[in-house]
Amino acid sequence: MMHVRECSDRQILVPFHVGEDRSRTWVLTRTGTGLRLKHDHRHRDGSEDEITQYGGDTAVPGSAERQEFPADAHTASLIPAASTNVWTVELVPGEAFVYALRREGTDRRFRIRFDLTRRVTAPPAPWGHD
Numbered sequence: 119m120m121h122v123r124e125c126s127d128r129q130i131l132v133p134f135h136v137g138e139d140r141s142r143t144w145v146l147t148r149t150g151t152g153l154r155l156k157h158d159h160r161h162r163d164g165s166e167d168e169i170t171q172y173g174g175d176t177a178v179p180g181s182a183e184r185q186e187f188p189a190d191a192h193t194a195s196l197i198p199a200a201s202t203n204v205w206t207v208e209l210v211p212g213e214a215f216v217y218a219l220r221r222e223g224t225d226r227r228f229r230i231r232f233d234l235t236r237r238v239t240a241p242p243a244p245w246g247h248d
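Given below as structure tokens:
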């Protein structure tokens, strides 16, 4: 389950829960030149995971519905195999939120589509964001 927990002019926090695991939050931030996507991974006690704050900045202007985020230098240093990652966030207004990952030069692909047509009860806060 994903939900928009916080939304301001500068930043959007989107927790992504898998069952009882509330360790993941996507952080979308407006920068001086575009947008940034970071993956905030936390332990149950709220402390940061060893592998966290990876992601990247938009390299080209996207659209209101779709943005791509190539891996940044921090990601390449933290997770060398992810240096060619490109994350995509898509919004189909009133229908779906889509998060995707592709690793350039490999067959690695991940895509998850969240249905926005059905209301659900908001889950508890993600770990570290109580």
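If you're matching positions, the sequence shown starts at 119 in this note's numbering and goes up one per residue. Cβ atoms here follow ideal geometry from the backbone N, Cα and C, with glycine treated the same way.
(message) Using a Cβ distance threshold of 8 angstroms, determine whether the stretch 171-185 contacts the stretch 146-157, with at least three qualifying pairs required.
(response) yes
(request) Over the uninterrupted beta strand (DSSP E) stretch that includes T206, give me the two end residues. (result) 203-210
(message) In the DSSP output, what is D233 paired with across the bridge?
(response) A214
(request) Could you spell out where the beta strand (DSSP E) holding S141 opens and where it closes? (result) 139-148
(request) Can you have a look at A189 and say buried or exposed, based on whether 16 or more other CB atoms are within 10 angstroms of its CB? (result) buried
(request) Can you grab the Cα-Cα spacing for the pair D139 / S181, in whole Å? (result) Going by the C-alpha atoms only, they are around 31 angstroms apart.
(request) Between the Cα of M120 and those of G246, L234, H192, spot the shortest distance and give me the residue it belongs to. (result) Between M120 and the set G246, L234, H192, the nearest pair of CA atoms involves L234.
(request) State yes or no: is the C-beta of F228 within less than 8 angstroms of the C-beta of A218? (result) yes
(message) Between which two residues does the beta strand (DSSP E) holding H159 run?
(response) 153-159
(message) On the criterion of 16 or more Cβ atoms from any shown chain inside 10 Å, does P211 qualify as buried, or is it exposed?
(response) exposed
(request) Would you check if the distance between the CB atom of T147 and the CB atom of P244 is smaller than 8 angstroms? (result) Judged by their CB atoms, T147 and P244 are not nearer to each other than the 8 angstroms cut-off.
(request) Give a yes or no on whether the C-beta atoms belonging to V204 and L155 are separated by under 8 angstroms. (result) no
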